[in-house]
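Colleague:
Numbering (the UniProt record's numbering), first residue to last: 1 to 278.
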């Protein structure tokens with residue numbers, strides 16, 4: 001079985017640079033997907049309460065442990081906590097929580113100090129928000145999980161995070177082509193002729209090139225799939241290397257093509273993409 005490269009967080013924890021994303025994975029599908037992923041060699045599973053499928057993810061993990069395929073200590077499970085339901089005011093506008101992100105981070109530090117989690121991190125934070133956290137933090141976030149793919153390469157934010165010792169986790173590395181709000185004429189990364197040309201050079205699929213691009217940039221990468229063959233395909237990236245020229249070329253595809261804009265949170269004072277430098 002291929003060995004997945006690892007990254008060392010700022011707290012010394014060793015973490016796999018590749019995992020299975022479970023966003024948009026339906027409860028009826030995700031259990032088998034996680035089982036297939038573990039059988040394939042995945043040891044990092046990315047979850048969130050908001051996804052509504054953590055119970056099924058847990059059932060798959062429990063099954064694979066009982067079968068002796070893995071031990072619990074072999075697995076790295078990421079979860080994300082936050083409000084998933086917001087009340088609506090008389091005027092029809094969303095009523096957001098008044099709890100500040102800095103206060104939330106202080107509470108997360110307490111969870112870590114109690115030993116209830118190995119590491120704590122952030123997601124969808126911009127430079128300005130990270131700077132606010134760091135002014136109060138006694139624990140530096142281990143990672144910032146952000147949308148990242150060739151059409152949104154996040155180079156400036158990645159450089160900033162690394163300067164602060166914060167690793168990057170790239171979600172939607174394939175551009176989330178199955179997002180419910182996608183328009184028929186939206187460009188699809190895996191159909192990009194330039195990506196396909198690179199893939200042909202290595203006898204790989206466009207998806208494999210796109211995923212390898214993130215790993216070689218030093219980013220933890222969590223492609224989502226519930227399809228067994230694609231789960232295996234996404235994992236089969238350890239037998240080739242993109243050249244520095246390939247990486248630089250793919251970097252030029254950036255067009256600020258964000259697909260996860262969190263429009264439901266527009267108007268929130270901490271919306272990360274409204275007043276962000278990067």
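Don't be surprised by glycine CBs; every beta carbon is placed ideally from N, CA and C.
A quick note: this is a predicted structure, and the numbers were derived from the prediction, not measured.
#1: Measuring CA to CA, which of 61, 35, 80 and 52 is closest to residue 73?
#2: Please return the same chain residues whose Cβ sits closer than 8 Å to the Cβ of residue 199, not counting the five positions on each side in sequence.
#3: Determine the DSSP secondary structure at residue 234, reduced to helix, strand or coil.
#4: By how many angstroms is the C-alpha of residue 193 removed from the C-alpha of residue 111?
#5: Counting Cβ pairs, one atom from each stretch, are 3 or more of them under 8 Å apart for the region 8-28 and the region 147-159?
#6: On a Cα-Cα basis, can you pick out the residue from 77, 233, 102 and 254 that is closest to residue 212?
#7: Whose C-beta lies closer than 6 Å to the C-beta of residue 176 among residues of the same chain, with five residues either side of it excluded?
#8: Should residue 202 be listed as close to the ligand SAM, given that the test is whether its C-beta is under 8 Å from any heavy atom?
#9: With which residues is residue 147 paired in a DSSP beta bridge?
#10: Could you tell me which uninterrupted beta strand (DSSP E) segments, each at least 3 residues in length, are contained entirely in the region 111-164, listed from first to last along the chain?
#11: Roughly how far, in whole angstroms, is the beta-carbon of residue 133 from the beta-carbon of residue 101, given that I think they are within contact range, below 8 Å?
#12: Is the region 154-171 close to the region 213-229, with three or more CB pairs under 8 Å?
#13: Would you identify the three-state DSSP class for residue 177, choosing helix, strand or coil?
#14: For residue 16, list the residues DSSP reports as bridge partners.
#15: From which residue to which residue does the beta strand (DSSP E) around residue 22 run?
Modeller: Well, looking at it:
#1: 61
#2: 205, 206, 208 and 209
#3: helix
#4: 47 Å
#5: no
#6: 233
#7: 259
#8: Annotation note on the ligand SAM: not contained in the displayed structure, which lists no ligands.
#9: 171
#10: 143-147
#11: 7 Å
#12: yes
#13: coil
#14: 6
#15: Segment: none, residue 22 is in no beta strand (DSSP E) and carries neither H nor E.
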